[in-house]
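A.B. asks:
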Amino acid sequence: MLLDLKSDIKVTQLLAPVGRAAGAVNGAALPLNGYGSVAFVFGFGGLTGGTAAIKLQESDDGSTNWTDVAAERLNGALDAAVANTPQVVGLTEVTALAKAFVRPVVTITGGTALECAVYAVQGNPKVSPVGDDGSVYIA
């Protein structure tokens, strides 16, 4: 049995780290099955005169009927972006959720080429250890 953090988490890139223009940007849908906890890491580079608001949304099927995750289900606050400062927020009650998928949404106002990326860190896997691709690791 492997007793290290890497064997018990899965990191998924939901929004690639590139410069983005004004508007809403939806991250990839993250399936929640197989894990008991998840944290989202939002990273922003230079804001170049713009602002960015962030939120999480959930869906039954990962493609339609997205709704905002209620603030009381978050461990941490989704504050406005701060340049060169990561922001981490957890999603509580993952195993009791009625919705199967969650995604980040970043809404950029003003500025040019705002740099942002979002990663999900899933933990407490139902089966451990977890492989590099999120599958069960067989030694």
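The numbering of the sequence shown is the numbering used here, which starts it at 1436 and goes up by one.
Virtual Cβ for every residue (Gly too), placed ideally from N, Cα, C.
Closer than 7 Å by C-beta to Thr1502: which residues in its own chain qualify, once you throw out the five before and the five after it? Chain order, please.
C.D. replies: Once the five neighbours on either side are set aside, the close Cβ partners of Thr1502 are Gln1492 and Glu1493.
A.B. asks: Have a look at Val1453 and Ala1487 and give me their C-alpha separation to the nearest angstrom.
C.D. replies: Distance between the alpha carbons of Val1453 and Ala1487: 14 Å.
A.B. asks: Could you check which residue in Ala1533, Val1529, Val1537 and Phe1477 has the C-alpha nearest to that of Leu1465?
C.D. replies: Here the closest residue by C-alpha is Val1537.
A.B. asks: In terms of alpha-carbon separation, which member of Val1541, Glu1528 and Gly1545 lies closest to Tyr1470?
C.D. replies: Answer by Cα proximity: Glu1528.
A.B. asks: Is Thr1530 helix, strand or coil by DSSP?
C.D. replies: It is helical.
A.B. asks: May I ask you to report which of helix, strand or coil DSSP gives Ser1442?
C.D. replies: Ser1442 falls in the helix class under three-state DSSP.
A.B. asks: Classify Gly1484 as buried or exposed, calling it buried when 16 or more other Cβ atoms lie within 10 Å of its own Cβ.
C.D. replies: When all chains shown are included, Gly1484 counts as exposed.
A.B. asks: In this structure, does DSSP put Ala1518 in helix, strand or coil?
C.D. replies: It is coil, neither helix nor strand.
A.B. asks: Run through DSSP, which three-state label would Ile1573 get?
C.D. replies: Because Ile1573 carries a pLDDT of 46, less than 50, the predicted location of this residue cannot be relied on, and the following value inherits that uncertainty. Reduced to three states, the DSSP call for Ile1573 is coil.
A.B. asks: Let me check one thing: in DSSP terms, what residues is Arg1538 bridge-paired to?
C.D. replies: Gln1492, per the DSSP bridge assignment.
A.B. asks: If we ignore side chains and look at the alpha-carbon of each, how far apart do Asp1496 and Gly1462 end up?
C.D. replies: Their Cα atoms are separated by approximately 15 Å.
A.B. asks: For a quick check, are the C-beta atoms of Val1584 and Val1446 less than 8 Å apart?
C.D. replies: Look at the range of the chain in this structure, 1436 to 1574, and you will see that residue 1584 is not part of it.
A.B. asks: Do you know whose CA, among Lys1534, Lys1561, Ser1563 and Asp1514, lies nearest Gly1478's CA?
C.D. replies: Comparing Cα-Cα distances from Gly1478 to each of Lys1534, Lys1561, Ser1563 and Asp1514, the minimum goes to Asp1514.
A.B. asks: In terms of alpha-carbon separation, which member of Val1473, Lys1561, Pro1521 and Val1553 lies closest to Ala1575?
C.D. replies: The requested residue 1575 is not part of the displayed model; the chain covers only 1436 to 1574.
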